[in-house]
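Colleague:
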Amino acid sequence: MQNENIIKGQGAQRNIINRFDRYTYEPEDEDYEALKTSFTEVFPKTIVNQVKSEDLPMEYSMNPYQGCEHGCSYCFARPTHEYWGYSAGIDFERKIMVKKNAPELLEKFFQKRGYKPEPILLSGNTDCYQPAERQFEITRKILQVCLDYRHPVNILTKNALVLRDLDLLIPMAEQNIISVSLSIPTINEELRRKMEPRTSSAKNKLKAVEILSENKIPVNVMVAPIIPGLNSDEPLSILKAISEAGAQSFGYTLVRLNDTVEPVFVNWIENAFPDRAQKVLNLIRSMRGGKLGEKKFFDRQKGEGNIAEMIHNTFKIGRKKFFDGKEFPKLTTKNFTGSKDQQLKLFD
1 MQNENIIKGQ GAQRNIINRF DRYTYEPEDE DYEALKTSFT EVFPKTIVNQ VKSEDLPMEY
61 SMNPYQGCEH GCSYCFARPT HEYWGYSAGI DFERKIMVKK NAPELLEKFF QKRGYKPEPI
121 LLSGNTDCYQ PAERQFEITR KILQVCLDYR HPVNILTKNA LVLRDLDLLI PMAEQNIISV
181 SLSIPTINEE LRRKMEPRTS SAKNKLKAVE ILSENKIPVN VMVAPIIPGL NSDEPLSILK
241 AISEAGAQSF GYTLVRLNDT VEPVFVNWIE NAFPDRAQKV LNLIRSMRGG KLGEKKFFDR
301 QKGEGNIAEM IHNTFKIGRK KFFDGKEFPK LTTKNFTGSK DQQLKLFD
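Residues in the sequence shown are numbered consecutively from 1, following UniProt numbering.
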């Protein structure tokens, strides 16, 4: 039974103390309901980040927004909001920083002498198609720059808003410089509304997979995170649905609750699922050596124990049953010249 006092449409139910602050103001509970999302323009000097994690396959990532309105309590990006002086709790969902100069910074990055192109992950941290994108259209402008320069980009999002930009994605796909990964951790709509309250519905995300595939845009699905006791019974159903919709590959992760993600998630699940909160938390601990988080490279992906092994085996079965023979294409860098002028390619 769900707690009647839970703030609907909200992942974090309160602000938590910022690890880097000596003093923290905690609003009264009734103030949270009245909080509105605010947007602050920031002026970074760079937009492309080099990915240094040993167990991640991408070389570069970029994030047009800091903070995310989608409201997933388990989001690994929450602690990064603390570097800006905010809380990883409600602040992460309601105080969004906007990088309007991102397209210009990206173009300067492409023009650097000696730059060797590698696919860039668009949304390595926070979602590039979160609701703010409807207003600011920064992601769309970034994609236009990538199309102009013929630079490969991988999109990761939980939002079917990606379909808005089909007019850019289709010509990019024709040059093999675009792929889209949609995050679909559940196709149970009731659970989806609680797990990721302001993302697209499961039905709309599956429809997005179908439409992207029909337009020959490579689609991967991230079934992530798997939370034992919540969505751990769904992998085979999800894999069947996304395969039928046209997805060419999938990935998955086991939930991990590092740093200040832990108190946000614990508070959320105790409010959203009070009848099974302790069971879920104990199952997570069984995968994480008695803890709720894990930071070690590679270990954080695998987990340990019977529950983790059962989840891995389920995905192995699903891969063989629903994705046998499917292959995800590798994006090309051969058309990038460091200029919008395609004719320069003739002099290579």
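For glycine and all other residues, C-beta sits at the position ideal for the given N, C-alpha and C.
Looking only at its own chain, which residues have a Cβ that is under 7 Å from the Cβ of arginine 300, when we skip the five neighbours before and after it?
Modeller: Answer for arginine 300: Arg256 and Glu294, listed in chain order.
Colleague: Using three-state DSSP, classify lysine 141 as helix, strand or coil.
Modeller: Helix, per DSSP.
Colleague: Can you tell me where the alpha helix (DSSP H) with leucine 292 in it begins and where it stops?
Modeller: Where leucine 292 is concerned, there is no enclosing alpha helix (DSSP H), given that its DSSP letter is neither H nor E.
Colleague: List the DSSP bridge partners of lysine 95.
Modeller: In the DSSP output, where bridge partners are listed per residue, lysine 95 has Ser38.
Colleague: Helix, strand or coil for arginine 14, going by three-state DSSP, please let me know.
Modeller: Three-state result, arginine 14: coil.
Colleague: Using only the alpha-carbon positions, how far apart do valine 42 and arginine 134 sit?
Modeller: For valine 42 and arginine 134, the distance between alpha carbons rounds to 18 Å.
Colleague: Alpha carbon to alpha carbon, what distance is there between valine 209 and phenylalanine 328?
Modeller: Cα-Cα distance, rounded: 14 Å.
Colleague: Quick test of your reading: valine 219 and glycine 246, contact by CB under 8 Å. State the CB separation rounded to the nearest angstrom.
Modeller: Yes, they are in contact, since the Cβ atoms of valine 219 and glycine 246 sit about 6 Å apart, within 8 Å.
Colleague: Bridge partners for serine 50 per DSSP, in chain order?
Modeller: Per the sequence shown, the amino acid found at residue 50 is glutamine instead of serine. In DSSP, glutamine 50 forms a bridge with Tyr60.
Colleague: Measuring from the CB of valine 264, is there a heavy atom of the ligand GTP at a distance below 6 Å?
Modeller: In terms of ligand content, the structure shown is empty, and the ligand GTP therefore cannot be addressed.
Colleague: Am I right that leucine 121 and serine 61 are in contact with their C-beta atoms under 8 Å? What's the rounded C-beta distance?
Modeller: Confirmed, about 4 Å.
Colleague: May I have the straight-line CA-CA distance separating aspartate 324 from lysine 240, to the nearest angstrom?
Modeller: Near 12 Å, if we compare the C-alpha coordinates of lysine 240 and aspartate 324.
Colleague: On a Cα-Cα basis, can you pick out the residue from Ile242, Asp167, Leu166 and Leu168 that is closest to lysine 203?
Modeller: Of the listed residues, the one whose Cα sits closest to lysine 203 is Ile242.
Colleague: Inspect the CB distances between the stretch 144 to 153 and the stretch 184 to 204 and report whether three or more fall short of 8 Å.
Modeller: Too few Cβ pairs lie closer than 8 Å, so no.
Colleague: Please return the same chain residues whose Cβ sits closer than 8 Å to the Cβ of valine 162, not counting the five positions on each side in sequence.
Modeller: Closer than 8 Å at the Cβ level, and outside the excluded window around valine 162, lie Tyr129, Ile155, Leu169, Val180, Leu182, Ala208 and Leu212.
Colleague: Among Thr126, Lys326 and Thr186, which has the Cα closest to the Cα of arginine 78?
Modeller: Nearest of Thr126, Lys326 and Thr186 to arginine 78, Cα basis: Thr126.
Colleague: Leaving out the 5 sequence neighbours to the left and right, which residues in its chain are closer than 6 Å to glycine 89 when beta-carbon positions are compared?
Modeller: So the list reads Ala12, Arg14, Asn15, Ile16 and Val264, once near-sequence residues are dropped.
Colleague: Taking the C-alpha atoms as reference points, what is the distance between residue 383 and glutamate 118?
Modeller: Residue 383 lies beyond the stretch modelled for the chain, which goes from 1 to 348, so this question has no answer here.
Colleague: Distance check for tyrosine 83 and arginine 140, CA to CA, integer angstroms please.
Modeller: Using only the alpha carbons, I get a separation of about 27 Å.
Colleague: Compare the beta carbon distance of isoleucine 184 and lysine 205 with 7 Å and say whether it is the shorter of the two.
Modeller: Contact: yes.
Colleague: Hey, quick one: how far does the beta strand (DSSP E) through isoleucine 178 stretch, first residue to last?
Modeller: Residues 178 to 183.
Colleague: Roughly how far, in whole angstroms, is the beta-carbon of arginine 288 from the beta-carbon of glycine 303, given that I think they are within contact range, below 8 Å?
Modeller: Confirmed, about 7 Å.
Colleague: Let me check one thing: in DSSP terms, what residues is methionine 155 bridge-paired to?
Modeller: The question names methionine, yet the displayed sequence has isoleucine at residue 155. Leu122 and Val180.
Colleague: If we ignore side chains and look at the alpha-carbon of each, how far apart do serine 87 and tyrosine 115 end up?
Modeller: Computed Cα separation, rounded: 37 Å.
Colleague: How many Å lie between aspartate 341 and glycine 67 at the Cα?
Modeller: About 36 Å.
Colleague: Output the boundary residues of the alpha helix (DSSP H) element that contains alanine 241.
Modeller: Counting along the chain, the alpha helix (DSSP H) containing alanine 241 begins and ends at 235 to 245.
Colleague: If you drop the 5 nearest sequence neighbours on each side, which residues of the same chain put their C-beta closer than 6 Å to that of leucine 236?
Modeller: So the qualifying residues of the chain are Gly318.
Colleague: Taking alanine 132 and isoleucine 47 to be in contact with their CB atoms under 8 Å, please state how far apart those CB atoms are, rounded to whole angstroms.
Modeller: Not a contact, Cβ separation roughly 16 Å.
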